[in-house]
Amino acid sequence: MAETNWYVVHTYSGYENKVKANLEKAIENRKLQDKILEVRVPLEEAVEIRNGVKKQVTRKLFPGYVLINMIMDDDTWYVVRNTRGVTGFVGPGSKPVPLTEGEMRSLGINSADEVEIDVEVGDEITVISGPMEGTESVVRSINKNKQTVEIEIELFGRSTSVEIGFLDIKKSN
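Using the numbering used here, the first residue of the sequence shown is number -9, and each one after it goes up by one.
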């Protein structure tokens, strides 16, 4: 398999989440999940004081930019470049430049942190933290790059697929 790298894409300011949603839809429609692994809008927690009131807020770390973990080829370049709201890849001229290990570490992205998990597709798991805590289900797929498992849950009377992080699940006995 070709190597994946993190790339930075420039977007219209304020369109970061829209670009992320549009890209995820395009990835799904074009079946590129094995080439474009993750789209991220880095966020940070901060305390703002407005009118003398302290307030905990989440804000974008890099307004106008979206990070993408992908295998760069003609298909993926075309899909990302032609996503609504994307103005281009970050890099000299028209050549996208992947982030270095050092740059990724400073952003809190660790490529070397390969997490091993004792769960396989078909195993019964229990969600141990987060909004779905206590939910029991069967693992449908495992994404080691994103460190998530996909499970089915009953939501509003319909079966729905949900991604849960490795750290939020445990194997049911």
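For glycine and all other residues, C-beta sits at the position ideal for the given N, C-alpha and C.
Contacting residues, own chain, Cβ-Cβ under 8 Å from residue i (five flanking each side not counted)
i, result
"Pro53", "Ser3, Gly4 and Glu6"
"Leu22", "Ala16, Asp65, Thr66 and Val69"
"Pro88", "Asn(-5), Trp(-4), Tyr(-3) and Met62"
Residue(s) in a DSSP beta bridge with residue i
i, result
"Gly78", "His0"
"Lys161", "Ile115"
"Asn(-5)", "Met60"
7 Å CB neighbourhood of residue i in its chain, flanking five on each side removed
i, result
"Glu38", "Lys45 and Val47"
"Ala36", "Val47 and Arg49"
"Val117", "Glu123, Gly124, Thr125, Ile154, Asp158 and Ile159"
"Gly81", "Val87"
Beta-carbon contacts of residue i that lie in its chain and below 6 Å, excluding the five residues immediately before and after
i, result
"Pro171", "The requested residue 171 does not occur in the structure, where the chain is confined to residues -9 to 163."
"Leu13", "Val29 and Thr73"
"Ala(-8)", "Ile61"
Integer Cβ distance of residue i from residue j, believed to fall under 8 Å
i, j, result
"Val129", "Asp108", "So it is not a contact: roughly 11 Å between Cβ atoms."
"Asn(-5)", "Glu28", "With 8 Å as the limit, Asn(-5) and Glu28 do not qualify as a contact, their Cβ atoms being about 12 Å apart."
C-beta contact flag for residue i and residue j at 8 Å
i, j, result
"Ser151", "Ile115", "no"
"Ile197", "Met122", "Limits of the chain in this structure are -9 at one end and 163 at the other, which puts residue 197 out of reach."
"Ser177", "Glu142", "Outside the shown range of the chain, which is -9 to 163, sits residue 177, and nothing can be said about it."
"Gly120", "Asp158", "yes"
"Leu33", "Lys50", "yes"
"Val56", "Lys10", "yes"
"Thr1", "Val76", "yes"
Cβ-heavy atom distance, residue i to the ligand ADP, below 7 Å
i, result
"Val47", "For the structure depicted, the ligand ADP is absent and the ligand set is empty, with no information on it obtainable."
- Task: Counting only runs of 3+ residues fully inside the stretch 99 to 156, write out the beta strand (DSSP E) ranges in chain order.
- Result: Within the stretch 99 to 156, the complete beta strand (DSSP E) runs of at least 3 residues are 114 to 117, 126 to 133, 138 to 145 and 148 to 155.
- Message: I'd like the ranges of any beta strand (DSSP E) spanning at least 3 consecutive residues and lying wholly in the stretch 13 to 58.
- Response: Taken in chain order, the whole beta strand (DSSP E) runs of length 3 or more contained in the stretch 13 to 58 are 26 to 30, 33 to 40 and 43 to 50.
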